[in-house]
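If you're matching them up, the sequences are chains A and B in order. Using our numbering, the final residue of the first sequence is 154, and nothing's skipped along the way. Using our numbering, the final residue of the second sequence is 758, and nothing's skipped along the way. Note that the Cβ used here is the ideal one computed from N, Cα and C, for glycine as well. Working notes for the structure below.
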Amino acid sequence: MKEKIRRFIFQELIFVAEPEKFSDDDNLLDAGLDSMGIMRLIMFIEEQFGVTLPDVEIDPDNVHSINALEQWILRHKA
Amino acid sequence: MMNLITGFLEQCRKLPDKIAFCEENRSLSYAEFRQQVEQLASFLQHNRKTSQPIAILLERGIDAAIAIYAVLMSGTSYLPLDVKNPLFRLQLIIADAQPEFVIGKDVRPDWLNDSVGWVEQSEPPQNGESLMGFGYHLYPSYENQSESIAAILYTSGSTGTPKGVALSHAAMLNFSNWAAQTFKLNPQDKMASLAPFHFDLSVFDLFSGLSSGASVYFIPAKLTLSPSRLTAWLSENQISCWYTVPSLLSFLAFKGALDITPLPFLKKLLFAGEVFPTPHLIRLAQLLPNVDLYNLYGPTETNVCCYWQVDRTKLQPEQAIPIGVSACGAKLKIAENDELLVACANNFSGYWQQGQLLPRDSSEPYRTGDKVSLNNNGEYCYHGRLDRMLKCSGYRVEPAEIETVLNQIAGVETCAVIGMHDASSGQRPAAALVLKNADSLAEIVKTAREKLPAYMMPCKFKVLAALPVLSNGKTDTLALHPLFDD
Numbered sequence: 077m078k079e080k081i082r083r084f085i086f087q088e089l090i091f092v093a094e095p096e097k098f099s100d101d102d103n104l105l106d107a108g109l110d111s112m113g114i115m116r117l118i119m120f121i122e123e124q125f126g127v128t129l130p131d132v133e134i135d136p137d138n139v140h141s142i143n144a145l146e147q148w149i150l151r152h153k154a
Numbered sequence: 273m274m275n276l277i278t279g280f281l282e283q284c285r286k287l288p289d290k291i292a293f294c295e296e297n298r299s300l301s302y303a304e305f306r307q308q309v310e311q312l313a314s315f316l317q318h319n320r321k322t323s324q325p326i327a328i329l330l331e332r333g334i335d336a337a338i339a340i341y342a343v344l345m346s347g348t349s350y351l352p353l354d355v356k357n358p359l360f361r362l363q364l365i366i367a368d369a370q371p372e373f374v375i376g377k378d379v380r381p382d383w384l385n386d387s388v389g390w391v392e393q394s395e396p397p398q399n400g401e402s403l404m405g406f407g408y409h410l411y412p413s414y415e416n417q418s419e420s421i422a423a424i425l426y427t428s429g430s431t432g433t434p435k436g437v438a439l440s441h442a443a444m445l446n447f448s449n450w451a452a453q454t455f456k457l458n459p460q461d462k463m464a465s466l467a468p469f470h471f472d473l474s475v476f477d478l479f480s481g482l483s484s485g486a487s488v489y490f491i492p493a494k495l496t497l498s499p500s501r502l503t504a505w506l507s508e509n510q511i512s513c514w515y516t517v518p519s520l521l522s523f524l525a526f527k528g529a530l531d532i533t534p535l536p537f538l539k540k541l542l543f544a545g546e547v548f549p550t551p552h553l554i555r556l557a558q559l560l561p562n563v564d565l566y567n568l569y570g571p572t573e574t575n576v577c578c579y580w581q582v583d584r585t586k587l588q589p590e591q592a593i594p595i596g597v598s599a600c601g602a603k604l605k606i607a608e609n610d611e612l613l614v615a616c617a618n619n620f621s622g623y624w625q626q627g628q629l630l631p632r633d634s635s636e637p638y639r640t641g642d643k644v645s646l647n648n649n650g651e652y653c654y655h656g657r658l659d660r661m662l663k664c665s666g667y668r669v670e671p672a673e674i675e676t677v678l679n680q681i682a683g684v685e686t687c688a689v690i691g692m693h694d695a696s697s698g699q700r701p702a703a704a705l706v707l708k709n710a711d712s713l714a715e716i717v718k719t720a721r722e723k724l725p726a727y728m729m730p731c732k733f734k735v736l737a738a739l740p741v742l743s744n745g746k747t748d749t750l751a752l753h754p755l756f757d758d
């Protein structure tokens, strides 16, 4: 799951010179992920992983890193 | 003689206790706002030695609004800087604009050229004590200056460096009055404000709003990443009118919980800056059935010259919405190359270059560079650019400006920047590079990130052995597009 999210983010949403050096805890918002990027990312996740992420939980706390995203998705996968 | 702040001063007399501006932990009435404006204005007026513009390096909010009104009241033009710009670009703009002062927070930044003065905007003084200990009398120099320049808004330049669009009091007032009347702004209105002051959208909040006696509420920046909280904020503050960009409205329509938080106070929603994808607009229109929606169009050089009140019965998912009919008294014409030509009292006075105005011929219409046509209802429709200009997240971006920055980086032999279509931000720049050393891309990208604002940063880089060229020797940018399709 993390790999798919990583690939989508670095191919479609933000450019980092060396994505392999970008850790799962590094801050995506500082790297340039903006509100439109978040919207596309959430739509991608919902479609790819068959989850519904509640609107009220869309927040920097849940989207700031790849690990945070994974935790958020897992909470709704169960 | 009317100028950009006369309307505000009149509202101060009528409604001194009404809220003018509100931000997270602070609000000012019209009278309080005026008092703070006058204190700073009198300081500026007595310390100024030239009539050069005064730059403002402050976050969007009440302090920046005070600075803008103070600069106007002191009798010169304001130049709002983007605090998020890299130093490199701020220095370029300041070197070109040659302002007499920069107004900012805290101590003078060490990167600021010695020839430019620094005015520290300090905490509001207690009990009417004058700002910074200066108690000067303010001369009414804000009278009789309708042709003088009120604002200089820097935008991306096709020659490779940023350029300042110089707008007169008369031009901005023409838009401000048109908007206040067309959207029936009044003292009951509570307006949300999100546009940074270097964007022309802010002219509506700052001047149409205050000349109508409305209250302007600054949206906390962090809410743009939490759409449902933004919806809750709009609801709690009983916002009635908001002028913003389509991309954020799309985010609200899809993820803003508008189905469970209806916005009964919201009456008018205006948007501009980029094309609103019709399926997103349809969704928004369904979620906000009682809100009047307006698509506004116009480059910074003309401000709004065309507008369309969204007709819900005409929205078809696969069909782009029109930019509509003439606004602000603009005389519109389509040239032989399908370019939209605009003659309007809104039009800019010229570009501000190397510290002075290069006046344009005001008898000539402004050539927008936008390709348009007329539909069967006599409405204008937008069909993209005739030149290379890109629209990235609502910002105007000239590929030449990115190329200039990239070419200055040591390891770059040459480069070409194109626009890739992007579902959410309109377009994103992508760069093809020819390098001096094959292995130095990571360093180059790092340097580019330090010099370019985020919205100008290419989303993709491709290293090539050579750029494709046309028979006339120019870069074949069309041939570059397929290289980025993977």
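Please report the straight-line C-alpha distance between B:GLY429 and A:ARG151, rounded to a whole angstrom. In a straight line, the C-alpha of B:GLY429 is about 47 Å away from that of A:ARG151.
Apart from the five residues on each side of it in sequence, which residues of its chain come closer than 7 Å, Cβ to Cβ, to B:ARG332? Cβ neighbours of B:ARG332 beyond the five flanking positions: PRO468, PHE469 and PHE490.
Given that B:ALA529 touches chain A, what residues does it touch there, using C-beta distances under 8 Å? Within chain A, ASP131 and VAL132 have C-beta atoms less than 8 Å from the C-beta of B:ALA529, given in sequence order.
Using CA atoms only, rank isn't needed, just tell me which of B:LYS290, B:THR747, B:ILE674 and B:ASN744 is closest to B:THR427. It is B:ILE674.
Residue span of the alpha helix (DSSP H) that contains B:HIS552, given as start and end: Per DSSP, B:HIS552 belongs to the alpha helix (DSSP H) from 550 to 559.
Check whether B:ASP610 and B:SER645 have beta carbons under 9 Å apart: Yes.
Measuring CB atoms only, is the region 711 to 729 of chain B touching the region 678 to 685 of chain B, in the sense that at least three cross pairs come out at less than 8 Å? Three or more Cβ pairs drawn from the region 711 to 729 of chain B and the region 678 to 685 of chain B lie within less than 8 Å of each other, which places the two stretches in contact.
Excluding the five sequence neighbours on either side, which residues of its own chain have a C-beta within less than 8 Å of the C-beta of B:ASN399, listed in chain order? For B:ASN399, the predicted structure reports a pLDDT of 44, less than 50, and the residue's modelled location is therefore unreliable. A value from the coordinates is still provided. Counting only residues of its own chain and dropping the five nearest sequence neighbours on each side, B:ASN399 has no CB closer than 8 Å to any other CB.
As assigned by DSSP and simplified to three states, the class of B:CYS578: In this structure, DSSP gives B:CYS578 an extended state, which the three-state scheme calls strand.
I'd like to know whether the C-beta of B:THR496 is nearer than 9 Å to at least one C-beta of chain A. Interface residue, yes.
Roughly how many whole angstroms lie between the Cα atoms of B:ARG584 and B:TRP450? Cα to Cα, B:ARG584 sits roughly 24 Å from B:TRP450.
Can you give me the start and stop residues for the beta strand (DSSP E) that B:TRP390 sits inside? For B:TRP390, the enclosing beta strand (DSSP E) covers residues 389 to 392.
Give a yes or no on whether the C-beta atoms belonging to B:THR431 and B:ALA672 are separated by under 9 Å. In contact: B:THR431 and B:ALA672 (Cβ atoms closer than 9 Å).
Under 9 Å between C-beta atoms of B:PRO371 and B:PRO434: Inclusion of B:PRO371 and B:PRO434 in the CB contact set at 9 Å is not warranted, their separation being larger than that value.
Short of 6 Å in beta carbon distance, which residues of its chain neighbour A:ILE118, apart from the five on each side in sequence? Order them along the chain. Cβ within range, chain order: LEU129.
Counting pairs of beta carbons, one from the region 516 to 528 of chain B and one from the region 549 to 556 of chain B, are three or more of them closer than 8 Å? In short, these stretches touch, since the Cβ pair count reaches three.
For B:LYS734, which residues from the same chain have a beta carbon less than 6 Å from its beta carbon, with the 5 sequence-adjacent residues on both sides left out? Excluding residues within five positions, the ones whose Cβ falls inside 6 Å are ALA704 and LEU755.
Quick one: is A:PHE91 near chain B, going by C-beta distance under 9 Å? Residue-level contact by beta carbon holds for A:PHE91 and chain B, with a gap shorter than 9 Å.
Tell me the DSSP secondary structure of B:ALA423 in three-state form. In this structure, B:ALA423 counts as strand in the three-state DSSP scheme.
Top-ranked residue by Cα proximity to B:ASP659, from B:VAL669, B:ASP368, B:LYS356 and B:SER507: The option with the nearest alpha carbon to B:ASP659 is B:VAL669.
Can you tell me whether B:ALA738 is helix, strand or coil according to DSSP? In the three-state reduction of the DSSP assignment, B:ALA738 falls in the coil class, being assigned neither a helical nor a strand state.
Neighbourhood of B:ALA557 by C-beta distance below 7 Å, restricted to the same chain and skipping five residues each side: Same-chain partners within the cutoff: LEU565, VAL582, ARG584 and LEU587.
Do the region 520 to 532 of chain B and the region 100 to 120 of chain A make contact, defined as three or more Cβ pairs closer than 8 Å? Yes, since at least three Cβ pairs between the region 520 to 532 of chain B and the region 100 to 120 of chain A fall closer than 8 Å, the two stretches touch.
What does a CB cutoff of less than 6 Å around B:SER299 pick up in its chain, not counting 5 residues either side in sequence? Cβ within range, chain order: ILE291.
Determine the contact status of B:THR773 and B:THR533, defining contact as a CB-CB distance below 9 Å. Lying before the first or after the last residue shown, residue 773 of chain B is absent from chain B, which here runs from 273 to 758.
Which first and last residues belong to the beta strand (DSSP E) in which B:LYS540 is found? That run of the beta strand (DSSP E) goes 540 to 543.
At a Cβ threshold of 9 Å, is A:VAL139 touching chain B? Between A:VAL139 and chain B, the shortest Cβ-Cβ separation is below 9 Å.
Would you report the Cα separation of B:ALA529 and B:PHE479, rounded to the nearest angstrom? Cα to Cα, B:ALA529 sits roughly 31 Å from B:PHE479.
Tell me whether B:PHE620 sits in a helix, a strand or coil according to DSSP, three-state version. Coil at B:PHE620, not helix or strand.
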